[in-house]
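Residue numbers (my numbering), protein chains in the order written: chain A, 23 to 201; chain B, 8 to 116.
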């Protein structure tokens, strides 16, 4: 086994968690956005290590490129000055009904998720030192799957994108009438 | 480049699932505590991304490419969601000059 792989995995995962924490705890939205870009890029590194180079490329291009640039544009458009007050309000953990409700809600969500992620212990002990065959997640294999088995889903997704386009046009037009 | 990487043991895939879970939890916590709507939207992106990581991990664990196709679709949905969400956010900002969630508890125009 190549120990470099494991050290790289450890470092990347540590970086992912660290930047994720920074995203939710930064005072200014712009620094949150930059940490989110770093987080998405390092998740892309993890995708490459898990034999998914096509998805990693899409992650870097679409997520870290397009979507996050959209976010940064919107942040620059807003020009928020008083973010400090919001930041102080967000980390106000006094015991109020609202905070208790938040803790309960996140506990329920994460508890359900954790319950479904429980791993079969015997299977894990039997397989944990096995290695798997390399997976060819290249563009040819994934595209073959998308255009045969998931063709209907693919076509429906084109309608989803059309709906998003029409919705964006509608939002923009209505704002013009207001002004 | 990919051939030079060693194939991992199975336990590291469970580790990667744990990372997906931790990132999703951070996203949920951020979604619930932050009041700035932009950061709330960033948290939804982070949660979607954690789900994608779980898809890729299971895809590797089961030696099948179905997870990759699902992630492709999920990235499409995320892009559409970000475009619409940011559009709505801009409208809200135009109307009331701030984007703090507690001041928009009523959904009446």
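Glycine included, every Cβ here is placed at the ideal spot set by N, Cα and C.
- Residues of the stretch 33–60 of chain A with a C-beta atom less than 7 Å from some C-beta of chain B are 35, 38, 39, 42, 43, 45, 46, 51, 54, 55 and 58, listed in chain order.
- Per DSSP, residue 155 (chain A) lies in no alpha helix (DSSP H) and is assigned neither H nor E.
- Uninterrupted alpha helix (DSSP H) stretches at least 4 residues long and entirely within the stretch 119–188 of chain A occur at 119–138, 143–149 and 161–170, given in chain order.
- Out of A:68, A:27 and A:190, the CA that lies nearest to the CA of residue 96 (chain B) is found in A:190.
- Around residue 41 (chain A), the same chain offers 57, 58, 60, 61 and 64 as residues with beta carbons nearer than 8 Å, after the five sequence neighbours per side are excluded.
- With a threshold of 8 Å between beta carbons, residue 73 (chain A) makes contact with chain B.
- If you ignore the 5 residues before and after residue 55 (chain B), its C-beta comes within less than 6 Å of the C-beta of 85, all in its own chain and listed in chain order.
- Residue state for residue 59 (chain B) is assigned as helix, using DSSP reduced to three classes.
- Partner residues in the beta bridge of residue 107 (chain B), as assigned by DSSP, are B:43.
- Residue 178 (chain A) sits exposed, since fewer than 16 C-beta atoms from the chains shown fall within 10 Å of its C-beta.
- At a cut-off of 8 Å between beta carbons, residue 52 (chain B) contacts chain A.
- Residue burial is scored here from C-beta neighbours: residue 109 (chain B) has fewer than 16 other C-beta atoms within 10 angstroms and is therefore classed as exposed.
- The beta-carbon of residue 140 (chain A) is placed no less than 8 Å from the nearest beta-carbon of chain B.
- Counting every other CB atom within 10 Å of its CB across the protein chains shown gives residue 35 (chain A) a total of 16 or more, marking it as buried.
- Residues of the same chain with a CB within less than 8 Å of the CB of residue 71 (chain A), apart from the 5 flanking positions on each side, are 27, 30, 31 and 34 in chain order.
- Taking all protein chains shown into account, residue 108 (chain A) has 16 or more neighbouring C-beta atoms within 10 Å of its C-beta and is therefore buried.
- Leaving aside the five residues that flank residue 55 (chain A) on each side, the residues in its chain whose CB is nearer than 8 Å to its CB run, in chain order, 90, 93, 94 and 97.
- A residue is called buried when at least 16 other Cβ atoms come within 10 angstroms of its Cβ; residue 52 (chain B) meets this threshold and is buried.
- Residues of chain A whose Cβ lies closer than 7 Å to the Cβ of residue 80 (chain B) are, in chain order, 175 and 179.
- Residues are counted here when their Cβ sits less than 7 Å from a Cβ of chain B; for the stretch 140–161 of chain A these are 141, 146, 149, 150, 151, 152, 153, 154, 155, 156, 157 and 159, given in chain order.
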